[in-house]
Each structure stands twice: as structure tokens, then as C-alpha cells.
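**Q** Just dropping this structure here.
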Amino acid sequence: MRTILTAVLFATLTIGAPGQKRQTLTLRQLSAPQTLFEFLPDWQWIPGTARVASIEVRRRDRVTSFAAGDPSEPTVLFTAVELHAALQKAGETGGDPRRLPGNLSFRDADTVRVQLASGVFHFKIETKTATRVLTIPRGATPLAVSANDQRLAFVKDHQLHVAAGNGPAKALTTDGSPDIVYGAAAHRSEFGIHDGLWWGPRGRYLAFFREDLRGIAAYPYADHTTLPPKAIHGRYPMAGGPNSHVQVGIHDTTTGKTYYLSHGEVQDKYWTNATFEPSGLYLYLALVNRAQDRMEMVRFGSSFGRSEGVLFTESDPQWVEPQHGPIFLNDQTSRFLWFSPRDGYQHLYLYDAEGQLQKQLTKGAFDIAEFRSFDEGAKHAFVMASGTRPVEMHLFQVDVANGAMRQLTDDRGWHSCDISPDGKYAIDSFSNLETPGQIQIIDVATGKKSHVKRIGHRFPVLGKQSLFTVPAADGTTLHGTLILPPGLDPAAAKKYPALLYVYGGPHSQMVRDTWLGGLQLWPHFMATHGYVVCALDNRGTDNRGIEFAQAVHRQLGKLEVEDQLAAIRHLQKLPYVDAKRIGVHGWSFGGFMTANLMLRAPETFACGVAGAPVIDWRQYETGYTERYMDTPKENPEGYANTSLLPLAKRLRGRLMVVHGTDDKTVMWSHSLAFVDRCVAAGVLVDYMPYPMQKHSLDRLHRAHLYRVLTRYFDDHLKPRE
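Residue numbers 14 to 734, in this note's numbering, belong to the letters of the sequence shown in order.
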């Protein structure tokens, strides 16, 4: 499920200059966080070198470079003014000469790639000249550029097109429509799918999704901004109902032919994680059945689209959910790594080109979160993993020959790393509760750190944050974070209201040893506003192994509520918390959890605000819901027990429901049905609709939401003066 969590892992808050009185956060600043954040520079490896390019977007608006192992002063490569002038000469009409474009990358030591809305440009550093290599038509979305920047694939007016260079585009389809969609991310994002156009490594073959939505019932979307309101065509696949019919096509730009892949007779399946083999001659797909308990890794020939058979299968009685495609070694053997939780934790397995398992490469009681890269010749793989402490994230080097793992980052906290092309150095960005943000170079062989860059500005007054653990009912350790109001004296008699900030859904991890603890700014504002704020990662969330994640199978919301109440009991034991003044807030799955907690523990919470809440899982979409709940026909008891509609009569505290009327993720019908049940039960409930807002509110409406949230909790949790 999509969330509106804001990533602030490596940003720092800056208000005021040294010597000025430190300020506290304000509601106005929450809706314009760019006025508070000073980001660390963007460091990129320059291909073919051991040099780092430093893109200083918000400070000097220039790009410098330095050698990874050389402490000497950096060299200025070019400025925003020089790049802007070159782009203007190449035909780009927009842009600010004082600011670097956001999408810069290096093709080689002398060539910078710039992708703008109007096209792709190559900028030569030495001559300070630019060339437009691809033109992007106005209104083209989605789009994909081949690795060599020679071809562009895009969708316009519902049809899929391909263009070479700045030449005319060729339409590959004629039947595209609002109901036959090309190039979009079919099956949503829960399979790690975020796009629907994929170029082969050499730019000859283009793979794409074709999604036929006509089997799904039309959904009554409406535009309420017109007079009279008008209907908007759309469809939404609800649990147990028909799915879209998805196909994967391959277009050969050399022959001009297009093929559609086929495998087996059953059409109702998920085509996930399309990955070209390094030669581009084969396309690998992880095909998952509708029940999502079996996956087949299938290889297809790129030139004819024919299945070459199943390489291997995976099954699980709860669910399978491939999030990554095959990761091919850079040693020309076509061997690949595959992510799997088959031993209880997410680890990497090494397969040969024919799908024969060679060995389990990584092991340990922790999940491998991310593959980063190989060194030269694939002697080592570099991965991100928590290791022994799930609230942290570290870089590990893995010996491909024997699986030996070596942790390369030793600073406590949450790291994000990028490996040099030769595998000898790593760019390491990290933070922890006490360190707002730091970036440095790590020598892989020696562990020596260099080019350390910290942000030394003063920060606004924030509450004191700490991490804690509590046991779940079965003894499982749960991790939480606590923020105390500034100046709170634990020995004083004063008691504070408390706020539980909750999400709790699959593929989330809210509690992290990182600056701001992985939370949004609003909970920190509430702490400075006189609240004790708490958050906890319940069973079902990420980075704790498959048993922890699958504990919620067929009963979404049951164990999650039990675990969140363990956090509440922890709060209630604190001498400075007023147990009668506890509130709860969350959005999306967190909105579901907010209402769920207030209905299942009605005497615990004085008030809550449920944002865009799922109310009845029968109304949520097929892929996500059926993975965790199975279908309503297969699990009628589970759907009945997790629906919040029958529980509306149990509401005791003050509850506000907030929902965008054009939400296409959690349908508006969820909250309307809940309000209707409250009316039938004679229960009072507050309601705040945001007209024509989607699942994530835009800046204006989010600023308004922060005011609504704060006033609501102040009205119902703060003592009257």
C-alpha cells in the first residue's frame, strides 16, 4: 500500500545562524520542508575512474570532482551558469542559470547526461558545449530511454511509440485507450514494479506491459469541481473480483516486429520483475499465480518471444512476492543472484544460466535489504543489510566464491552506499539519532574513511528521541521510538498527553536509528508542542524475516493491534504520561490501524484521526489484499473479523476520518461506508473530506491537514486553560 511517509534520512534541519536563538518548528514550515532541509551534496562515481563528482545543488550550484584516495582540494568541473548556457545553445528554452538541473549523471569523465522534460542532452565538460541527443514530445508519459541514449520509448494519446535520436516517432500500437493501457506499471507496486517499459542492455529490444482493464467493473469516479459534476471513467479491481488481463510484449527495433509472450494456459497471473540477460537475447520474468503462493522463473527469447521453459519455482503456503529480478554477474557467465526468503530470511542464492541452484550465497538471522553492485570480475558482491540490529542498515561485502560476509560500515545508524566501478571504494551516506547527516568515502580494503563531510549548522529545538523495545504477546521483540517534549523533567509531577503515530502495514519500517528516527516532521512538531510521541513497528512489517512478516496472514489488523497496544502499555507506565489523554493518528494502512485501535480498544484512546483508512478489505484491490488475506471466498471469516464496519458501534473516543474524494488507492467508499455505519449505530464521528485530493495530498491541502490534526488533538487531549 502506498504511504505518504517523507524520506528525511540524510537531510538536516537548519534554522538560524550561529549565535541566533534557536527556534522551534512551526506548522508553516512543515508544509515547506525545503526551507528547512540542507541536503548533503550528491556524490556520484565518474565511470572509468576512481574519482567522485560532487553535485552541490543548493550551496554553490557547481559540480566539482576529487579522487577517492586523494585528500587534495577538489577540482571545479563546471558551474550551473556554464551548463545553462550550453543547454540554451542546444535548444533548451527553460531552466534557471543559477541552479543545476536535478537529473544529472556522468556517462564518462568528460560527458554529463542531463534529462529534462524536453529531451536528453550530453554536455561536454572540456568544451562546455551541449548536444540534444533525444527529443521528448510534450505529453509523453510514461517513457523510457535506452542505456545508450539512442532510443526513446513513450506513450502518448494512449499509444506506444519508439523514436531513434531526434528522428520521427513510430507508433507501435493502435488500440490503446483508457481501458487498454500500454507501458504503465501493471500489478501496482507491491511486486517491486514501478514502470512498464524496459529496454534491453544494447537498445535493440523493448519490453512493455499491455494491460486490458475491460474485465474489471467500472468504478463511479466523479469530478466535483465542475457544475454539474461529471463522471470520470475508471476501473478498480476489488478483492476476489476480476483482474486485468496483462501481457508482456517485446518489440525488435531491427526487424520492426512485435511479439507477445505466452506461457501456459492460465491467463490470470502476475508478470513480475522483467529482466533482460546482459546480452539482451533473453528476457527473464517471475510469473506468480493468482493465489500468490507459487512463482515460476521463466526465460523467453527476445527475438521471437517464445518461452524456453521454467528455470526454477518457488512456493509458500502464505505468499510469494518477488521484489527483484535476476541479478546477473558481470563475469560473462550469465550466472545470476536471486532474492529469496526460503530459509526464513531474505537472502541471495546463486544460479547458473540454466536455472540450476549453485548455492545459497548469504546467510544469517537478518534480511538482505538491497543488492548494490559487483566488483570487477564479480569476485565480490556488495549488499545492504541490517545485521544484528534491525533498526540499522549497513554495507556488507560478500565473497562470491565462499559466501564470507564482511561488514564495511561501522558507524551506528542507517547507511546508504554506492560502490566505485572497480569495487575499491564506497560512498557512504548515513545518519543516526544523534548525527543529522554525514557523507564519506570508505576504502573497502582497509576501512579507512576520507573526505568526511558533516553539516555543522545549528538545528531547531527538537524533542529528545530514543529507541525502546517491548515484547509481543508471543515474546517477539518489537522496536519502537519515543520523542519527549523539550525540557521534560522525568522527575517532575507534570503529566503530558501522548500520541501514537502508526502505520504498521507490510513492506514498511518506521522505526530506524536515523536522524528524526525515520518519522515525518509533524510528529516532531507535536513533541515540541507538548506531546509524548511514540511509534512502533508491529509484526507484519519489514526487515525482521519471513515469519515476522507472515504472522499477519489472513488476519490483517489483528496482531498489529495487539503489538501497538504493547507500545501503549509502555507509554502508560511512564510517570510523565497521562494515561487518560492518549491519541492516535496514521494514514492509509495507518488510517486503518487508527480506526482499528480505537474500535478494538475503545477505553484506551481519547481521540484519533484516521487518514484515508481501509475500512473493509473486500473493497481493497486484488493483488495486495489477496496476497495477505486470500480471497473473500477462501477466507470469509478473516474478512469478516478484520472489517471495521461491524465495530462502528463500539466507538467511544472522538474520531475524525480524513479522506480525499478522488483517492484511487483507498476508495472514498471506505470512509463513507464507515460514516454510514456510525449513523446507523447512533455514534458520533467527525469527518474531513478533501475535495478531489488523491491518496497523497498536495502541498496546499497537506498544510491544511497539519493544522486540522494539531487543532483536533489540542482540542481533545490538552487540558482546558
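For glycine and all other residues, C-beta sits at the position ideal for the given N, C-alpha and C.
All values derive from a computational prediction rather than experimental measurement.
Tell me the residue span of the alpha helix (DSSP H) that contains residue 581.
**A** Sequence index remark: in the sequence shown, residue 581 carries index 568 (1-based). That run of the alpha helix (DSSP H) goes 571-585.
**Q** Determine the direct distance from the alpha carbon of residue 298 to that of residue 677, and round the result to whole angstroms.
**A** As a first step, residue 677 must be located in the sequence shown, where it is residue number 664. As a first step, residue 298 must be located in the sequence shown, where it is residue number 285. C-alpha separation (whole angstroms): 28 Å.
**Q** Identify, in the order they occur along the chain, each residue of the same chain with its Cβ nearer than 8 Å to the Cβ of residue 491, setting aside the five sequence neighbours on each side.
**A** For the purposes of this step, residue 491 is taken as residue 478 along the sequence shown, with counting starting at 1. The residues are 482, 483, 484, 485, 549, 550, 551, 552, 576, 579 and 580.
**Q** Below 8 Å, how does it come out for the segment 343-352 and the segment 515-522: are there three or more Cβ pairs, yes or no?
**A** Result no; under three Cβ-Cβ pairs closer than 8 Å.
**Q** Name the residue from 208, 245 and 194 whose alpha carbon lies nearest to the alpha carbon of residue 257.
**A** As a position in the sequence shown, residue 257 is number 244, starting the count at 1. Ranking 208, 245 and 194 by Cα distance to residue 257 puts 194 first.
**Q** Do three or more CB pairs link the segment 520-537 to the segment 554-561 at distances below 8 Å?
**A** Counting Cβ pairs under 8 Å, three or more are found: they touch.
**Q** If the criterion is Cβ atoms closer than 8 Å, does the pair residue 184 and residue 174 meet it?
**A** For the purposes of this step, residue 184 is taken as the residue at position 171 of the sequence shown. For the purposes of this step, residue 174 is taken as the residue at position 161 of the sequence shown. Yes; because the gap between Cβ atoms is below 8 Å, this pair is in contact.
**Q** Given 8 Å as the limit, is there contact between the segment 588-606 and the segment 410-430, that is, 3 or more CB pairs closer than that?
**A** Too few Cβ pairs lie closer than 8 Å, so no.
**Q** With a Cβ-Cβ cutoff of 8 Å, do residue 253 and residue 645 count as a contact?
**A** Along the sequence shown, one-based indexing puts residue 253 at 240. Along the sequence shown, one-based indexing puts residue 645 at 632. Yes, these two residues count as a Cβ contact at 8 Å.
**Q** Using three-state DSSP, classify residue 632 as helix, strand or coil.
**A** Residue numbering aside, residue 632 sits at position 619 when the sequence shown is read from its first letter. Looking at residue 632 - three-state DSSP - the assignment turns out to be helix.
**Q** Kindly list the residues whose CB is nearer than 6 Å to the CB of residue 467, restricted to its own chain and excluding five residues on each side of it in sequence; keep chain order.
**A** Taking the first residue of the sequence shown as 1, we reach residue 467 at position 454. Cβ neighbours of residue 467 beyond the five flanking positions: 451.
**Q** Candidates 148, 458 and 412: which alpha carbon is nearest residue 176's?
**A** Taking the sequence shown and counting its residues from 1, the one referred to as residue 176 is at position 163. For residue 176, the nearest C-alpha among the options comes from 148.
**Q** Look up residue 145 in the DSSP assignment and give the residues it is bridged to.
**A** Sequence index remark: in the sequence shown, residue 145 carries index 132 (1-based). Answer is 134, bridged to residue 145.
**Q** Beta strand (DSSP E) containing residue 440: first to last residue?
**A** Here residue 440 refers to the residue found at position 427 when the sequence shown is read from its first residue. From DSSP, the beta strand (DSSP E) with residue 440 extends over 438-444.
**Q** Would you check if there are 3 or more beta carbon pairs closer than 8 Å linking the segment 666-685 to the segment 604-623?
**A** Cβ pair count under 8 Å is three or more, so yes.
**Q** With DSSP collapsed to three states, give me the class of residue 741.
**A** Nothing about residue 741 can be reported from this structure: the residues present for the chain run from 14 to 734 only.
**Q** Can you check which of these residues, 565, 596 and 671, is closest to residue 641 by C-alpha distance?
**A** Here the question's residue 641 lines up with position 628 in the sequence shown. Of 565, 596 and 671, the residue nearest in Cα terms is 565.
**Q** Near residue 687, which residues of its chain fall below 8 Å by C-beta distance, leaving aside the five closest residues on each side in sequence?
**A** Along the sequence shown, one-based indexing puts residue 687 at 674. Only 608, 626, 628, 657, 658, 661, 670 and 698 meet the Cβ criterion.
**Q** Residue 213 and residue 293 - do their beta-carbons sit closer together than 8 Å?
**A** As a first step, residue 293 is located in the sequence shown; it is residue number 280 there, counting from the start. As a first step, residue 213 is located in the sequence shown; it is residue number 200 there, counting from the start. Yes, these two residues count as a Cβ contact at 8 Å.
**Q** For residue 465, which three-state DSSP category applies?
**A** Within the sequence shown, numbered from 1, the residue matching residue 465 stands at position 452. Correct three-state label for residue 465: strand.
**Q** Label residue 89 either buried or exposed according to how many other C-beta atoms from any shown protein chain fall within 10 Å of its C-beta, with 16 as the threshold for buried.
**A** If you number the sequence shown from 1, residue 89 lands on position 76. By the neighbour-count rule (16 or more Cβ atoms within 10 Å), residue 89 is not buried but exposed.
**Q** For residue 522, which three-state DSSP category applies?
**A** Along the sequence shown, read from residue 1 onward, the residue named residue 522 stands at position 509. Residue 522 falls in the coil class under three-state DSSP.
**Q** Looking only at its own chain, which residues have a Cβ that is under 6 Å from the Cβ of residue 288, when we skip the five neighbours before and after it?
**A** Looking up residue 288 in the sequence shown gives position 275. If we look at residue 288 and ignore the five residues flanking it on each side, its Cβ neighbours are 297, 338 and 339.
**Q** Excluding the five sequence neighbours on either side, which residues of its own chain have a C-beta within less than 6 Å of the C-beta of residue 559, listed in chain order?
**A** Counting from one through the sequence shown, the residue named residue 559 turns up at place 546. Once the five neighbours on either side are set aside, the close Cβ partners of residue 559 are 354 and 357.
**Q** Tell me the rounded alpha-carbon separation between residue 615 and residue 596.
**A** As a position in the sequence shown, residue 615 is number 602, starting the count at 1. As a position in the sequence shown, residue 596 is number 583, starting the count at 1. Using only the alpha carbons, I get a separation of about 11 Å.
**Q** Could you give the DSSP three-state label for residue 20: helix, strand or coil?
**A** On the sequence shown, residue 20 is found 7 positions in, with the first residue counted as 1. Unreliable positioning characterises residue 20 in this predicted model, as indicated by a pLDDT of 35, which lies under 50. The coordinate reading is nonetheless provided below. Note: residue 20 maps to coil in three-state DSSP.
**Q** Output the distance between the C-alpha atoms of residue 643 and residue 304, rounded to the nearest integer angstrom.
**A** On the sequence shown, residue 643 is found 630 positions in, with the first residue counted as 1. On the sequence shown, residue 304 is found 291 positions in, with the first residue counted as 1. Taking the straight line joining both Cα atoms gives about 7 Å.
**Q** Going by DSSP, what residues sit across from residue 620 in a beta bridge?
**A** Mapped onto the sequence shown, residue 620 falls at position 607. Residue 620 is bridged to 596 and 667.
**Q** Short of 6 Å in beta carbon distance, which residues of its chain neighbour residue 724, apart from the five on each side in sequence? Order them along the chain.
**A** Against the sequence shown, residue 724 aligns to sequence position 711. Around residue 724: no qualifying Cβ.
**Q** According to DSSP, is residue 563 helix, strand or coil?
**A** The sequence position of residue 563 within the sequence shown is 550, counting from 1. Note: residue 563 maps to helix in three-state DSSP.
**Q** In terms of residues, what are the limits of the alpha helix (DSSP H) holding residue 102?
**A** Position 89 of the sequence shown, counted from the start, is the residue given in the question as residue 102. Segment 93-102, the alpha helix (DSSP H) holding residue 102.
**Q** Just the C-alpha distance for residue 188 and residue 365, rounded to the nearest angstrom, thanks.
**A** For the purposes of this step, residue 188 is taken as the residue at position 175 of the sequence shown. For the purposes of this step, residue 365 is taken as the residue at position 352 of the sequence shown. Looking at the two C-alpha atoms, the distance is approximately 40 Å.
**Q** Take the Cβ of residue 54 as the centre, count every other Cβ of all protein chains shown within 10 Å, and call the residue buried at 16 or more, exposed below.
**A** Here residue 54 refers to the residue found at position 41 when the sequence shown is read from its first residue. Label assigned to residue 54: buried.
**Q** Does residue 282 pass the burial test, meaning 16 or more other C-beta atoms within 10 Å, or should it be called exposed?
**A** Along the sequence shown, one-based indexing puts residue 282 at 269. Buried is the call here.
**Q** If you reduce the DSSP assignment to three classes, tell me which class residue 169 lands in.
**A** Here residue 169 refers to the residue found at position 156 when the sequence shown is read from its first residue. It is a strand residue.
**Q** Kindly indicate which residue of 389, 455, 362 and 374 has the alpha-carbon position closest to the one of residue 407.
**A** On the sequence shown, residue 407 is found 394 positions in, with the first residue counted as 1. Closest option to residue 407, Cα to Cα, is 455.
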